[in-house]
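**Student:** Each residue of the sequence shown is one higher than the one before, starting from 704 at the first, in my numbering. Note that the Cβ used here is the ideal one computed from N, Cα and C, for glycine as well. Because the structure is a prediction, the values reported are computed rather than measured.
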Amino acid sequence: MDIIGMRNHFREQLKALHSFPAIDVLYKQLLQAFFQWTPTVVGLHPQHPLTQAEEERLLDALAALQQHQPIQYIIGHTSFYGLQIEVNEATLIPRPETEELVDIITREWEATPPATLLDLGTGSGCIALALKSHFPKAQVAGIDNAPAALAIAKKNATRLHLQIDFQLQDIEQLAVSAVPLDLIVSNPPYVHKEEQLAPNVYNYEPHQALFSPPDDPLFLYEKIAAFGIQSIKPNGKIYFEINPLDAPQLKEKMHSLGYVDLSLRKDIFGKLRFLIASKK
Ligand code: GLN
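1. Between which two residues does the alpha helix (DSSP H) harbouring P742 extend?
2. Can you grab the Cα-Cα spacing for the pair I726 / D885, in whole Å?
3. State the Cα-Cα distance for the pair S959 and D919, rounded to the nearest angstrom.
4. Identify the continuous beta strand (DSSP E) that holds S782 and give its terminal residues.
5. When you measure from the CB of A912 to every non-hydrogen atom of ligand 1, does any distance come out below 8 Å?
6. Can you tell me the Cβ-Cβ gap for A844 and Q870, rounded? I've got them flagged as a contact below 8 Å.
7. Does S966 pass the burial test, meaning 16 or more other C-beta atoms within 10 Å, or should it be called exposed?
8. From which residue to which residue does the beta strand (DSSP E) around P937 run?
9. Quick check: N791 and I830, are their CB atoms within less than 9 Å of each other?
10. With a threshold of 6 Å on Cβ separation, who are the neighbours of L729 within its own chain once the five nearest residues in sequence on each side are excluded?
11. Among residues of its own chain, excluding the 5 on either side of Q750, which ones have a beta-carbon nearer than 6 Å to its beta-carbon?
12. For my contact list, D847 and T861 are in at a C-beta cut-off of 8 Å; report their separation, rounded to the angstrom.
13. Are the C-beta of Q735 and some C-beta of chain E separated by less than 9 Å?
14. With distances taken Cα to Cα, identify the nearest neighbour of L733 among L761, K718, L823.
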């Protein structure tokens, strides 16, 4: 089979799940990731024959896509804030909303870059890595309680030549930070157990990184906020990615913990997705 023949096979096999343009994007991502064939090269050589090994690799990926496996896990990486981030089923796949959160932080701290910052529930390390690449002088730490996720975060840091202090630790057991922090950022698990997730998310991504504690969706946020009150410098800030369903209660809670300048912001999809607060 040649390149275009296989693309037609992908279209045929995936048409119940995706539009043709979406299938073509997936196909091109596979060609690029597996064989380093850029979309331009592919466009110039549609009749280029595939070897049997290449064909088998693409057919395996096709079967995985039919099972709703995310493309990011199939190819093993994704792009986040301009960085290539390795991911696997131990880590959440970085979302565009989370890039927005990083973007908010980089804009707010452009004039006076942070000296110290901490990412809680770092997963693949994407937030910590993006902030370290933007603020190279900052001392950046990332904490997660999943050893398999931290292993990927460390691999990412090494490959990207970014120096980050990744630590295996539970958010519930945080001690006061030895170094006062300019900012804390966190995208903790926040999906409520009754929320319906798409099969590509529910069946493949780590539930530990998705679902908030069943009886108390704000539990981790409260732990982080309480730690923040003791560990953030005066005028330092905390940046949360949140579930819109939790927005009013969380705002109230942060207020009662003593945070000021509370601001809820919407993501590109129009959902209340971020809560930002300052420490007095
Ligand atoms: N944004 C992710 C989702 O909706 C959830 C991320 C999280 O729980 N922190 O699938």
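**Tutor:** From the atom records:
1. What you label residue 742 is simply residue 39 of the sequence shown in a count that begins at 1. 742 to 747 is the span of the alpha helix (DSSP H), which, as asked, contains P742.
2. Locating residue 726 in the sequence shown gives position 23, counting from the first residue. Locating residue 885 in the sequence shown gives position 182, counting from the first residue. The alpha-carbon atoms of I726 and D885 are separated by roughly 43 Å.
3. Within the sequence shown, residue 959 is the residue found at index 256, counting from 1. Within the sequence shown, residue 919 is the residue found at index 216, counting from 1. Taking the straight line joining both Cα atoms gives about 17 Å.
4. Within the sequence shown, numbered from 1, the residue matching residue 782 stands at position 79. Membership of S782 in the beta strand (DSSP E) is indicated by the continuous run 780 to 783.
5. For this step, residue 912 is matched to residue 209 along the sequence shown. Checking the Cβ of A912 against ligand 1 gives yes.
6. The count along the sequence shown starts at 1 and reaches residue 844 at position 141. The count along the sequence shown starts at 1 and reaches residue 870 at position 167. At roughly 7 Å, the Cβ-Cβ gap stays under 8 Å, so A844 and Q870 are in contact.
7. Counted from its first residue, the sequence shown places residue 966 at position 263. Residue environment: S966 is assigned as exposed (fewer than 16 neighbouring CB atoms within 10 Å of its CB, all protein chains considered).
8. The residue given as residue 937 occupies position 234 in the sequence shown. Note, P937: beta strand (DSSP E), 935 to 944.
9. For this step, residue 791 is matched to residue 88 along the sequence shown. For this step, residue 830 is matched to residue 127 along the sequence shown. Between N791 and I830, the C-beta gap is not smaller than 9 Å, which leaves the two residues out of contact.
10. Position 26 of the sequence shown, counted from the start, is the residue given in the question as residue 729. So the list reads I774, once near-sequence residues are dropped.
11. Sequence index remark: in the sequence shown, residue 750 carries index 47 (1-based). Only D705 meet the Cβ criterion.
12. Counting from 1 along the sequence shown, the entry for residue 847 is found at position 144. Counting from 1 along the sequence shown, the entry for residue 861 is found at position 158. Wrong, their Cβ atoms sit about 16 Å apart, outside the cutoff.
13. Included in the structure is just one protein chain, with no chain E present.
14. Translated into the one-based positions of the sequence shown, residue 733 becomes position 30. Among L761, K718, L823, the Cα nearest to that of L733 belongs to L761.
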